[in-house]
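Accompanying notes for the structure given below.
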Amino acid sequence: MNGWSFNQAQQQLEYKARWIGLSVIRLSRRETRGSSMTCPRCGERLQSDKRLERKLWCGKCRIVMDRDRVAAVILARRGRVRFARSRPPIEAQGGAVEAVKGNPTPTVIPGVDAPKLTQQTKS
(Lines of atoms letter the chains of each structure in order from A and count residues from 1; the text may use other names and numbers.)
(Lines give C-alpha, C1' and ligand atoms only; values in the text may rest on other atoms or scores of the structure.)
Protein backbone atom coordinates (compact mmCIF):
# COMPACT_ATOMS: atom_id res chain seq x y z
CA MET A 1 0.00 0.00 0.00
CA ASN A 2 2.94 2.36 0.61
CA GLY A 3 3.85 2.09 -3.07
CA TRP A 4 0.38 3.13 -4.26
CA SER A 5 -0.40 6.55 -5.60
CA PHE A 6 -3.03 8.57 -3.76
CA ASN A 7 -5.53 7.85 -6.55
CA GLN A 8 -4.99 4.07 -6.29
CA ALA A 9 -5.43 4.14 -2.52
CA GLN A 10 -8.59 6.24 -2.87
CA GLN A 11 -10.07 3.88 -5.48
CA GLN A 12 -9.28 0.86 -3.30
CA LEU A 13 -10.86 2.52 -0.26
CA GLU A 14 -14.03 3.39 -2.21
CA TYR A 15 -14.21 -0.13 -3.65
CA LYS A 16 -13.91 -1.78 -0.23
CA ALA A 17 -16.42 0.65 1.28
CA ARG A 18 -18.98 -0.12 -1.45
CA TRP A 19 -18.31 -3.83 -0.92
CA ILE A 20 -19.55 -3.61 2.68
CA GLY A 21 -22.26 -1.03 1.99
CA LEU A 22 -20.61 2.16 3.23
CA SER A 23 -20.47 5.47 1.44
CA VAL A 24 -17.29 7.51 1.06
CA ILE A 25 -17.51 11.27 1.41
CA ARG A 26 -14.90 13.23 -0.52
CA LEU A 27 -13.96 16.57 0.97
CA SER A 28 -12.84 19.45 -1.23
CA ARG A 29 -9.42 21.07 -0.90
CA ARG A 30 -11.08 24.00 0.85
CA GLU A 31 -12.62 21.66 3.44
CA THR A 32 -9.30 19.93 4.14
CA ARG A 33 -7.26 23.12 4.58
CA GLY A 34 -5.83 23.57 8.05
CA SER A 35 -6.97 20.15 9.21
CA SER A 36 -3.71 19.34 10.97
CA MET A 37 -3.27 22.78 12.53
CA THR A 38 -6.57 23.07 14.43
CA CYS A 39 -6.97 21.69 17.95
CA PRO A 40 -9.68 18.99 17.94
CA ARG A 41 -10.67 19.91 21.51
CA CYS A 42 -10.95 23.70 21.51
CA GLY A 43 -10.44 24.82 17.90
CA GLU A 44 -7.34 26.93 18.63
CA ARG A 45 -4.41 26.93 16.23
CA LEU A 46 -1.86 24.25 17.16
CA GLN A 47 1.82 25.03 17.48
CA SER A 48 4.77 22.95 16.36
CA ASP A 49 8.13 22.46 17.98
CA LYS A 50 11.22 21.14 16.18
CA ARG A 51 12.04 18.93 19.17
CA LEU A 52 8.63 17.21 18.97
CA GLU A 53 9.00 16.47 15.21
CA ARG A 54 5.54 15.18 14.13
CA LYS A 55 3.76 16.31 17.30
CA LEU A 56 1.70 19.48 17.68
CA TRP A 57 0.63 21.12 20.91
CA CYS A 58 -2.19 23.41 21.96
CA GLY A 59 -1.36 26.37 24.16
CA LYS A 60 -4.93 26.55 25.49
CA CYS A 61 -5.66 22.85 26.22
CA ARG A 62 -2.05 21.92 26.95
CA ILE A 63 -2.32 18.70 24.92
CA VAL A 64 0.25 17.20 22.56
CA MET A 65 -0.99 15.12 19.61
CA ASP A 66 0.44 13.55 16.48
CA ARG A 67 -0.35 15.76 13.48
CA ASP A 68 -1.77 12.86 11.44
CA ARG A 69 -4.14 11.94 14.26
CA VAL A 70 -5.23 15.57 14.59
CA ALA A 71 -5.93 15.73 10.84
CA ALA A 72 -7.88 12.44 10.94
CA VAL A 73 -10.12 13.67 13.78
CA ILE A 74 -10.78 17.03 12.11
CA LEU A 75 -11.47 15.48 8.68
CA ALA A 76 -13.82 12.89 10.21
CA ARG A 77 -15.80 15.69 11.85
CA ARG A 78 -15.98 17.67 8.62
CA GLY A 79 -17.09 14.55 6.75
CA ARG A 80 -19.85 13.89 9.31
CA VAL A 81 -21.07 17.47 8.92
CA ARG A 82 -21.19 17.03 5.13
CA PHE A 83 -22.95 13.66 5.52
CA ALA A 84 -25.57 15.12 7.89
CA ARG A 85 -26.31 17.94 5.42
CA SER A 86 -26.70 15.50 2.51
CA ARG A 87 -29.30 13.29 4.21
CA PRO A 88 -33.02 14.07 4.31
CA PRO A 89 -34.70 14.39 7.72
CA ILE A 90 -35.62 11.11 9.44
CA GLU A 91 -39.34 11.65 8.78
CA ALA A 92 -38.67 11.86 5.03
CA GLN A 93 -36.66 8.63 5.13
CA GLY A 94 -39.63 6.55 6.20
CA GLY A 95 -38.63 6.02 9.80
CA ALA A 96 -36.54 3.29 11.38
CA VAL A 97 -38.34 0.48 9.54
CA GLU A 98 -36.77 1.56 6.22
CA ALA A 99 -33.29 1.24 7.65
CA VAL A 100 -33.84 -2.36 8.71
CA LYS A 101 -35.01 -3.66 5.34
CA GLY A 102 -32.36 -5.84 3.77
CA ASN A 103 -31.70 -7.04 0.26
CA PRO A 104 -34.13 -9.97 -0.25
CA THR A 105 -31.83 -11.66 -2.78
CA PRO A 106 -28.21 -12.17 -1.79
CA THR A 107 -25.57 -10.73 -4.08
CA VAL A 108 -23.42 -13.44 -5.64
CA ILE A 109 -19.95 -12.60 -6.88
CA PRO A 110 -18.70 -15.09 -9.51
CA GLY A 111 -15.34 -16.60 -8.61
CA VAL A 112 -15.68 -15.63 -4.97
CA ASP A 113 -19.07 -17.09 -4.09
CA ALA A 114 -18.88 -20.21 -6.28
CA PRO A 115 -20.51 -22.49 -3.64
CA LYS A 116 -23.47 -20.09 -3.37
CA LEU A 117 -23.85 -20.14 -7.15
CA THR A 118 -24.08 -23.93 -7.30
CA GLN A 119 -26.54 -24.04 -4.39
CA GLN A 120 -28.83 -21.49 -6.03
CA THR A 121 -28.92 -23.27 -9.39
CA LYS A 122 -29.94 -26.58 -7.74
CA SER A 123 -33.15 -25.19 -6.23
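To convert, take the position in the sequence shown, counting from 1, and add 1; that gives the working numbering. Even for Gly, the Cβ is constructed at its ideal location relative to N, Cα and C.
Check, Outcome
"Return the chain-ordered list of same chain residues with a C-beta closer than 8 Å to the C-beta of Lys61, the five sequence neighbours on each side being excluded.", "Cys40, Cys43, Glu45"
"Sort out for me which residues DSSP pairs Asp141 with in a bridge.", "There is no way to answer for residue 141, as the model of the chain reaches only from 2 to 124."
"Nearest to Met38 by CA position, among Gly22, Lys17, Leu76, is which residue?", "Leu76"
"Please classify Thr79: does DSSP put it in a helix, a strand, or coil?", "At residue 79 the sequence reads Arg, which differs from the Thr that was named. Arg79: helix per DSSP, three-state reduction."
"With a threshold of 7 Å (Cβ to nearest heavy atom), would Arg31 be considered close to the ligand PLP?", "Ligands are entirely absent from the displayed structure, and the ligand PLP is therefore not among its contents."
"Can you name the residues that DSSP bridges to Ser87?", "According to DSSP, which records beta bridges pairwise, Ser87 is partnered with nothing at all."
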